[in-house]
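Residue numbers (my numbering), protein chains in the order written: chain A, 6 to 259; chain B, 34 to 338. For every residue, glycine included, the Cβ atom is placed at its ideal position computed from N, Cα and C. Note that the structure is a prediction, hence the values are computed from the model and not measured.
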Ligand SMILES: Cc1cc2nc3c(=O)[nH]c(=O)nc-3n(C[C@H](O)[C@H](O)[C@H](O)COP(=O)(O)OP(=O)(O)OC[C@H]3O[C@@H](n4cnc5c(N)ncnc54)[C@H](O)[C@@H]3O)c2cc1C
Ligand SMILES: Cc1cc2nc3c(=O)[nH]c(=O)nc-3n(C[C@H](O)[C@H](O)[C@H](O)COP(=O)(O)O)c2cc1C
Ligand code: FES
């Protein structure tokens with residue numbers, strides 16, 4: 006883990022309300038893995054007080070990037086950062102996706118801004134010669150993020166783009182492409198979607214790794230602010246920031 | 034730079050400097066050590082320990098508020114036994130004061146916790162949390178009741194000859210009354226303050242933002258309140274004070290000392306900048322040099338009204 010004062014090297018809008026900001030942060034770039042996250046201090050003031058957590062979106066040599074939408078004050082300030090501004094970043098934090106597995110085929114399921122961790126994961130999976138199918142879901146075509154993703158199957162609730170329905174409908178629809186072989190699933194998105202995916206894969210035959218969120222104060226295990234129920238420990242909560250944010254979906258109770 | 038004396042002498046405890054890290058904001062010390070050098074810090078106060086492990090409250094446990102945050106962690110901790118087995122050992126490699134914060138649901142349980150922990154040599158002292166606002170049993174109920182604070186102080190004092198501080202609640206009419214009781218029953222210091230009870234609602238769902246409904250407010254937002262409590266204790270009770278509440282920049286440390294604190298604790302700011310304590314130390318020395326102060330302790334209670 007490092008605390009880096011990172012220089013902004015790019016900050017652009019890639020779609021309506023979707024921003025991509027890039028920093029020069031070699032100490033972090035050299036060690037961060039897909040699914041890990043960063044805790045950003047958006048300014049030097051005491052408002053907003055807490056850092057804001059963001060998934061690592063991509064890594065290019067010494068540069069790291071974050072994909073975000075403007076939700077409130079913190080992300081608004083981040084969207085206004087200029088080239089050569091500095092941002093205080095803690096990272097890499099948490100545990101990322103498991104990249105050592107035997108299955109040849111992988112399915113990435115992304116809901117809305119849940120796409121954020123997947124450009125880097127996609128890159129690393131392709132480096133390992135994995136095949137990827139990416140299902141991208143949203144309410145309407147405005148929510149569909151394709152940046153950095155490959156082999157896309159799109160689904161929208163209102164049918165404005167791709168299959169009309171949700172990611173589960175889409176999974177069923179492409180089932181023939183998976184040839185009933187073993188494959189591995191990676192997912193990130195709204196809680197409702199993650200719950201539906203958990204139900205769909207409840208028979209436990211397929212490993213599903215999910216990146217989950219919660220409010221966080223510290224991001225590295227000292228505040229106990231980010232608990233999640235875990236099957237391996239009935240008497241304690243796991244911490245999303247330290248034990249996650251990526252969990253085997255069958256292990257967590259959401 | 035070394036010509037300034039930053040050390041602090043409290044009854045039964047000498048600190049190399051007045052900056053401690055507050056309970057609940059450093060876990061058991063291990064994680065924050067990745068970002069800061071604990072050897073340079075005056076001391077570390079552990080997360081509240083209870084006799085049996087506690088799972089803590091269901092999420093959502095925290096929410097940010099203007100220059101502050103509400104938390105209702107619910108004293109999630111590994112329990113005294115596990116602490117002694119797997120956590121305290123980490124500090125054997127560090128030269129900094131280790132203070133165990135203890136929380137319990139009865140006076141007898143406080144006594145039992147302190148008794149068990151007291152035999153561990155590495156532990157330099159205790160902070161008795163009679164002021165947690167987030168648990169149903171004990172906590173704030175004790176901190177609000179003079180007779181119980183008296184009894185808990187008396188029992189725990191009997192169980193240890195090490196440093197003993199009572200951590201007071203600001204959610205009372207006169208905090209100095211509790212400080213006087215702590216003094217009478219033999220406590221070495223009082224820590225002030227714990228968090229203030231607060232809440233926040235989501236205006237669309239009309240539900241509280243944290244599951245516990247109310248939580249403890251901490252951070253810069255509470256600093257003026259904490260300072261006033263320290264001042265009240267200083268003026269009305271004769272006991273060393275460890276000042277806590279919203280300290281976020283080095284100037285805040287000085288301000289608390291002037292108001293009457295012998296030492297201070299950093300809480301919420303550790304989440305924002307885990308290296309804060311060390312950053313402040315250089316500035317404290319610099320301040321003393323420019324203000325021609327030989328020993329930082331001279332500042333304690335040095336206000337003129
Ligand atoms: C591990 C992790 C990875 C994330 N990755 C991304 C990402 O890649 N891109 C992205 O856009 N967003 C991501 N988020 C969510 C992002 O942190 C919030 O959108 C951001 O903090 C909002 O800040 P704000 O000040 O703009 O919004 P505000 O709504 O003003 O924030 C107010 C408070 O709510 C807290 N909060 C944020 N998210 C949640 C939540 N899910 N549940 C409860 N409280 C929350 C904030 O931290 C802040 O303290 C991630 C969150 C986590 C935990
Ligand atoms: C997340 C969190 C957890 C806390 N847990 C404890 C605790 O277990 N025991 C305790 O005595 N105080 C606890 N506190 C209170 C702090 O030690 C401190 O008294 C308070 O936060 C005010 O200081 P600050 O404004 O610098 O944070 C906690 C505070 C926070 C923010
Ligand atoms: S965010 Fe502080 S422990 Fe997870």
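Problem set entry | Helix, strand or coil at residue 101 (chain B) according to DSSP, with G and I counted as helix | strand
Problem set entry | Contact shell at 7 Å, judged by CB to any heavy atom of ligand 3, ordered along the chain | With 7 Å as the limit between CB and the heavy atoms of ligand 3, the residues that fall short of it are A:221, A:222, A:223, A:224, A:225, A:226, A:227, A:228, A:229, A:230, A:231, A:244, A:245, A:246, A:247 and B:304.
Exercise. Excluding sequence positions up to five away, which residues of its chain have a Cβ less than 8 Å from the Cβ of residue 34 (chain B)?
Worked result: Bear in mind that a pLDDT of 48 at residue 34 (chain B), under 50, signals an unreliable position, so the model cannot answer this.
For this session: Note the first and the last residue of the continuous beta strand (DSSP E) segment covering residue 147 (chain A).
Result: Run containing residue 147 (chain A): none; DSSP gives neither H nor E here.
For this session: Measure the alpha-carbon distance for residue 96 (chain B) versus residue 186 (chain A) and round it to whole angstroms.
Result: 44 Å
For this session: Mark residue 64 (chain A) as exposed unless 16 or more other C-beta atoms lie within 10 angstroms of its C-beta, in which case mark it buried.
Result: It counts as buried.
For this session: Kindly indicate which three-state DSSP category residue 143 (chain B) falls into: helix, strand or coil?
Result: helix
Exercise. Which same chain residues, not among the five before or five after residue 12 (chain A), have their C-beta less than 7 Å away from its C-beta?
Worked result: 28, 29, 89 and 91
For this session: For the beta strand (DSSP E) containing residue 25 (chain A), list its first residue and its last residue.
Result: Counting along the chain, the beta strand (DSSP E) containing residue 25 (chain A) begins and ends at 23-29.
Exercise. If residue 75 (chain B) sits next to residue 45 (chain B), beta carbons under 8 Å apart, how far is it from one beta carbon to the other, in whole angstroms?
Worked result: Their Cβ separation, rounded to whole angstroms, is 15 Å, which puts residue 75 (chain B) and residue 45 (chain B) out of contact at 8 Å.
Exercise. Which residues bound the beta strand (DSSP E) around residue 233 (chain A)?
Worked result: 232-235
Exercise. Who are the neighbours of residue 232 (chain A) on chain B, taking C-beta pairs under 7 Å?
Worked result: Within 7 Å Cβ-Cβ: 89, 92 and 94.
Exercise. Nearest CA to the CA of residue 190 (chain B): which residue from B:293, B:158, B:165 and B:84?
Worked result: B:158
Exercise. Which whole-angstrom value is the C-beta distance of residue 158 (chain A) and residue 215 (chain A), which I expect to be below 8 Å?
Worked result: Wrong, their Cβ atoms sit about 19 Å apart, outside the cutoff.
Exercise. Taking 7 Å as the line, does the beta carbon of residue 191 (chain A) fall inside it for any heavy atom of ligand 1?
Worked result: Residue 191 (chain A) Cβ: outside cutoff for every heavy atom of ligand 1.
Problem set entry | Rounded Cβ spacing between residue 98 (chain A) and residue 44 (chain A) (contact assumed at less than 8 Å) | Between residue 44 (chain A) and residue 98 (chain A) the Cβ distance is about 6 Å, and since that is below 8 Å, they are a contact.
For this session: Would you give the residue range spanned by the alpha helix (DSSP H) that residue 290 (chain B) belongs to?
Result: 283-292
For this session: With 8 Å as the limit, tell me which residues of the segment 33-56 of chain A have their beta carbon closer than that to any beta carbon of chain B; keep them in chain order.
Result: 46, 51, 52, 53, 54, 55 and 56
Exercise. Is residue 15 (chain A) buried or exposed, if buried means 16 or more other CB atoms sit within 10 Å of its CB?
Worked result: Label assigned to residue 15 (chain A): exposed.
Exercise. Taking one C-beta from the segment 235-242 of chain B and one from the segment 263-277 of chain B each time, how about it: are there three or more such pairs within less than 8 Å?
Worked result: no
Exercise. Helix, strand or coil for residue 206 (chain B) per DSSP?
Worked result: coil
Problem set entry | Beta-carbon neighbours of residue 9 (chain A), restricted to chain B and to distances below 8 Å | Here the premise fails: no neighbours, minimum Cβ distance about 11 Å.
Exercise. Quick one: what's got a C-beta closer than 7 Å to residue 310 (chain B)'s C-beta in the same chain, skipping five residues either side?
Worked result: 52, 54, 69, 74 and 299
Problem set entry | Cβ of residue 226 (chain A) within 8 Å of any chain B Cβ | yes
Problem set entry | residue 109 (chain B) (DSSP reduced to helix, strand or coil) | In the displayed model, residue 109 (chain B) falls within coil according to three-state DSSP, outside both helix and strand.
Exercise. Going by beta carbon distance, what residues of the same chain come within less than 7 Å of residue 265 (chain B), once the five residues before and after it are set aside?
Worked result: 208 and 209
Exercise. If you measure from the CB of residue 94 (chain B), is any heavy atom of ligand 1 nearer than 7 Å?
Worked result: Flag unset: Cβ of residue 94 (chain B) not near ligand 1.
For this session: May I ask you to check if the CB of residue 299 (chain B) is nearer than 7 Å to at least one heavy atom of ligand 2?
Result: yes
Exercise. Can you name, in chain order, every residue of its own chain whose Cβ lies under 7 Å from the Cβ of residue 60 (chain B), other than the five neighbours on each side?
Worked result: Result list for residue 60 (chain B): 80, in chain order.
For this session: Taking all protein chains shown into account, decide if residue 335 (chain B) is buried (16 or more other Cβ within 10 angstroms of its Cβ) or exposed.
Result: exposed
Problem set entry | Amino acids of chain B, ordered along the chain, whose beta-carbon sits closer than 8 Å to that of residue 6 (chain A) | 67 and 68
Exercise. Is it the case that the Cβ atoms of residue 108 (chain B) and residue 140 (chain B) are separated by a distance below 8 Å?
Worked result: no
Exercise. The beta strand (DSSP E) spanning residue 60 (chain A) covers which residue range?
Worked result: Its beta strand (DSSP E) spans residues 57-60.
Exercise. Exposed or buried, what is residue 23 (chain A) when buried is set at 16 or more other beta-carbons lying within 10 Å of its beta-carbon?
Worked result: buried
For this session: Say whether chain B places a C-beta atom closer than 8 Å to the C-beta of residue 259 (chain A).
Result: no
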